[in-house]
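A.B. asks: Before we start, here is the structure in question, set down as structure tokens.
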Amino acid sequence: MSSETGIIPSMSDVAATAGVSLATVDRVLNRRKGVKPRTVERVLKAAVALGYMEAEERERLSGPRPPNVAFLLPKGGNPYLRLLGDKVRAIAETSLRDDVPVRCFFIESFDAGALATALRHHARWADGIAFMAVDHPLVREAAEEVADGGTRLITIVSDLPHPGREAYIGLDNQAAGRTAALLLGRFCRVREGSVALVAGSRNYRAHAEREMGFLSLIEEAHPGLRVVGMREGHDDRNENYRHTLSLLEQNPDLVGIYNVGGASDGIGRALREQGKGGDVVFIGHGLTGDTRRLLIEGTMDVVINSDPDQTIAQTLARFSRPPDAPSNGDAQRPLAMEVIFRENIPPQLKG
973 MSSETGIIPS MSDVAATAGV SLATVDRVLN RRKGVKPRTV ERVLKAAVAL
1023 GYMEAEERER LSGPRPPNVA FLLPKGGNPY LRLLGDKVRA IAETSLRDDV
1073 PVRCFFIESF DAGALATALR HHARWADGIA FMAVDHPLVR EAAEEVADGG
1123 TRLITIVSDL PHPGREAYIG LDNQAAGRTA ALLLGRFCRV REGSVALVAG
1173 SRNYRAHAER EMGFLSLIEE AHPGLRVVGM REGHDDRNEN YRHTLSLLEQ
1223 NPDLVGIYNV GGASDGIGRA LREQGKGGDV VFIGHGLTGD TRRLLIEGTM
1273 DVVINSDPDQ TIAQTLARFS RPPDAPSNGD AQRPLAMEVI FRENIPPQLK
1323 G
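Spelled out as structure tokens, the structure:
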């Protein structure tokens, strides 16, 4: 925009007139955190006086600043987490939630150091961070440091019980594991046999809690089923494929598999190739393209799902409120657990 002299003012001119740094002007104009209200007003006043912006724009930027939110998700082969990330990025790219500016970042899976570094890095600009937690001292230390610095933390999918985190939004994972054990035991046509668990990593509390719930109910209700241990496949379809082949070879009496994590297509592939798709009860998590296909073809029996749209909506709703605002109990209740069979698969909506 031109000033009365015909000279187009720049951000540098605004900074000089307001007596602040160029970085401060950038933070004010992009509504980032870390600028005192008095400084915001000084920058906006200088911008209007120079003709850098109209008075209407100053009014908008003078209002309450919406929180900047970062989602940190593990990258890799887990289709459910990719789906969750795609949905977050769609919100960010199409500005569907102008009241809560959102960005999504993928970091190395199962890497506590990478997550701790990402928490510290994004706390520089984000008012709130939602992340799938790795239960590790490095992450707990970073969470404490970031929370003490004023950044709000919400864990999603997998929790990190820590006084610095404001809420957990996800399933009751121990109940999910018990549900899987109940269904697997009922679906098995024999009272004795071997059952196996495959997980991404026990470093995710969600996976450890699902395992704990599964083992407790198997012991209580199905003592004839022998659990042959947990294999960690790191949510990689090829690792899960090799684990399943090994389980079938080493345990001729295998009657069930519970996939605690993702990449169920690797397990399904091994079951199909070995002609066990209709014999081994197969239960997993996350309704995605691969698990939908496995359900329809009959290789998979049950998918335990939590709606990713609800995860995102509840997270953004929480960040939209002040930290000390009443939560109405929504952040204290686990997300609804959907138990999906071939006969009740919801429609695959486009768009």
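Residue numbers for the sequence shown follow the working numbering, so the first one is 973 and each next one is one higher. Note that beta-carbon positions come from the ideal geometry of N, C-alpha and C, so glycine has one too.
What are the residues that DSSP puts in a beta bridge with Gly1256?
C.D. replies: Val1275
A.B. asks: So, Ile1101 versus Phe1043, is the Cβ gap smaller than 9 Å?
C.D. replies: Contact flag set, yes.
A.B. asks: Taking DSSP as the reference, what is the three-state secondary structure of Gly1165?
C.D. replies: Note: Gly1165 maps to strand in three-state DSSP.
A.B. asks: Run through DSSP, which three-state label would Leu1226 get?
C.D. replies: strand
A.B. asks: How far does the alpha helix (DSSP H) with Gly1185 in it reach, from first residue to last?
C.D. replies: 1177 to 1193
A.B. asks: As a quick exercise: from Asn1002, Lys1008, Val1015, pick the residue whose alpha carbon is nearest that of Asp985.
C.D. replies: Val1015
A.B. asks: Whose CA, out of Asn1223, Gly1270, Phe1078, lies closest to the CA of Asp1237?
C.D. replies: For the residues Asn1223, Gly1270, Phe1078, the minimum Cα distance to Asp1237 belongs to Gly1270.
A.B. asks: Name, in chain order, the residues that DSSP records as bridge partners for Glu1204.
C.D. replies: Paired residues: Ala1171.
A.B. asks: Would you call Leu1259 buried or exposed, if buried means 16 or more other Cβ atoms sit within 10 Å of its Cβ?
C.D. replies: buried
A.B. asks: Going by DSSP, which residues form a beta bridge with Thr1011?
C.D. replies: None, per the DSSP bridge assignment.
A.B. asks: To the nearest angstrom, how far is it from the Cα of Val1274 to the Cα of Ala1064?
C.D. replies: 32 Å
A.B. asks: Might you give, ordered along the chain, the residues of its own chain that have their beta carbon closer than 6 Å to the beta carbon of Glu1310, omitting 5 neighbours on each side?
C.D. replies: Asn1277
A.B. asks: Note the first and the last residue of the continuous alpha helix (DSSP H) segment covering Ala1086.
C.D. replies: For Ala1086, the enclosing alpha helix (DSSP H) begins and ends at 1084 to 1094.
A.B. asks: Taking C-beta to C-beta, are His1134 and Gly1172 nearer than 9 Å?
C.D. replies: Cβ atoms of His1134 and Gly1172: not closer than 9 Å.
A.B. asks: Taking just the CA atoms, how far does Ala1235 sit from Phe1082?
C.D. replies: 15 Å
A.B. asks: For the candidate residues Leu1197, Leu1001, Pro1295, Leu1169, whose alpha-carbon lies nearest to that of Asp1225?
C.D. replies: Leu1197
A.B. asks: Which class does Leu1044 belong to by DSSP, given the choice of helix, strand or coil?
C.D. replies: strand
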